[in-house]
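Data first, discussion second: the structure below is written as structure tokens.
Protein chains: 2
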Amino acid sequence: MIALGIDPGTRVSGFVIFKKEHRQVHVLDFGIINLPAHRELTDRVGDFFTFFKGKIEQFGVTDIALETPFLGKSALNYLKLGYLRGAVYILTSHYKLSLHEYSPRQVKQAVTGYGGADKEQVARMILKLFPGLAMPKKFDLTDAFGVGMCCVWASAQPIFHK
Amino acid sequence: MIALGIDPGTRVSGFVIFKKEHRQVHVLDFGIINLPAHRELTDRVGDFFTFFKGKIEQFGVTDIALETPFLGKSALNYLKLGYLRGAVYILTSHYKLSLHEYSPRQVKQAVTGYGGADKEQVARMILKLFPGLAMPKKFDLTDAFGVGMCCVWASAQPIFHK
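So the protein lines, in turn, are chains Z and S. To convert, note that position 103 of the first sequence is 103 in this note's numbering; the numbers rise steadily by one, no gaps. Counting from 1 along the second sequence, just add 162 to a position and that's the residue number in this note's numbering.
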């Protein structure tokens, strides 16, 4: 299993690529994509699509993990999230991947053992598991790790290697 | 200008391709795409993407017209519409097209001369302008014609040819 966890955003997206082998989980790649606000939204969605198309081909991704979306205060942001998720759906279909969705509660439960944990606690736990990670200013990266871990952490507790 | 008007839907989508030359508008292609419910949503979004990628390449589309989305009763349908619009955004960016959005009111105004017209009136007017069209059971096709006409009907009143 090569799992790509994504925290999509029209400005900043976080991602991680895990490789699961036996009971071990390796981090193959991770990072942040900035989609600058001065670019047209069409181009930002296009860049997001091209970026992850490249990652899927480069690492032979088999699974993608996303958090379940919810309608927050802004209907427009919800729709824009749909644009990015649409890009993920097209890639899932094209490369015949498995797409997994986890609720925020499942992610928190998987990472911290407590479904009611706050974002800071999730981030702290991720940084404890992956001490090599630079502390992100926002939660885009730790959120991507969280949802990716849900995907690879299904069976026994894996040993993580950077 | 080769304009593609789309009325996107996760089950049924309507589309039309207009060619505008001088003051004349020709219909190059039109139809309905059925995305069967038994297919995974990822594959339906993928099929939608592949279908319009093919049409854009085949006809050398330069412009795409969509109706402005609005959040109706179902937040989930709104999100799913976002998936399809995301596909359109990726194609717009990739082929360097112009993407146009028109409100339902603008479409009604353009087609019937009255922004408060109902869907039936829009459909009747479209069928009058394009007598060769088979009467659709739903409004997917006439809606696609309506939004496509907004795009090509900007300057003088064109003469339509099937």
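Yeah, the Cβ is synthetic: ideal placement off N, Cα and C, and Gly gets one too. Nothing here was measured: the structure is a model prediction, and the numbers come from that model.
Exercise for the section: Could you tell me which residues DSSP pairs with S:S175 in its beta bridges? Expected result: S:I195
Practice task
Run down chain Z in chain order and give the residues with a C-beta less than 8 Å from the C-beta of S:A246.
Solution key: Here the sequence assigns Leu to residue 246 of chain S, which means Ala is not the residue at that position. Here the neighbours are G86.
Handout entry: Interface partners of S:T224 on chain Z, CB under 8 Å
Key = Going along chain Z, no residue has its Cβ under 8 Å from S:T224, so there is no contact; the nearest lies around 14 Å.
Handout entry: Alpha-carbon to alpha-carbon, Z:Q24 and S:I218
Key = A direct Cα-Cα distance of roughly 45 Å separates S:I218 from Z:Q24.
Practice task
Answer with yes or no whether the minimum CB distance from Z:G116 to chain S is below 8 Å.
Solution key: So no, Z:G116 is outside the interface.
Exercise for the section: Measuring only between beta-carbons, confirm whether Z:F51 sits less than 8 Å from chain S. Expected result: no
Problem - Environment of S:R173 [buried if 16+ CB atoms lie within 10 Å] - result: exposed
Exercise for the section: Give the secondary structure of S:A285 by DSSP, where H, G and I count as helix, E and B as strand, and everything else as coil. Expected result: helix
Handout entry: Below-8 Å beta-carbon distance, Z:A3 vs any chain S residue
Key = For Z:A3, the answer is no, since every Cβ of chain S falls outside 8 Å of its Cβ.
Handout entry: Residues that S:G167 bridges to, as DSSP identifies them
Key = S:V178, S:A227
Handout entry: Beta carbon proximity, S:S230 to chain Z, threshold 8 Å
Key = Inspection of the sequence shows that residue 230 of chain S is occupied by Thr rather than by Ser. It does not; no Cβ of chain Z falls within 8 Å.
Exercise for the section: Count the CB pairs spanning the segment 77 to 97 of chain Z and the segment 234 to 252 of chain S that are closer than 8 Å, and state whether there are at least three. Expected result: Yes, they touch.
Handout entry: Where S:K182 falls, given that 16 or more other Cβ within 10 Å makes a residue buried
Key = buried
Exercise for the section: Measure from the C-beta of S:A157 to each C-beta in chain Z and report whether the shortest distance is under 8 Å. Expected result: In the structure as shown, chain S starts at 163 and stops at 324, and residue 157 of chain S therefore has no counterpart that could be examined.
Problem - Short Cβ contact (8 Å threshold) for S:G310 with Z:A87 - result: Cβ distance not < 8 Å, so S:G310 and Z:A87 don't count as in contact.
Handout entry: Z:S103 - DSSP class collapsed to helix/strand/coil
Key = coil
Practice task
Report yes if the CB atom of Z:D140 is closer than 8 Å to the CB atom of S:S255, and no otherwise.
Solution key: no
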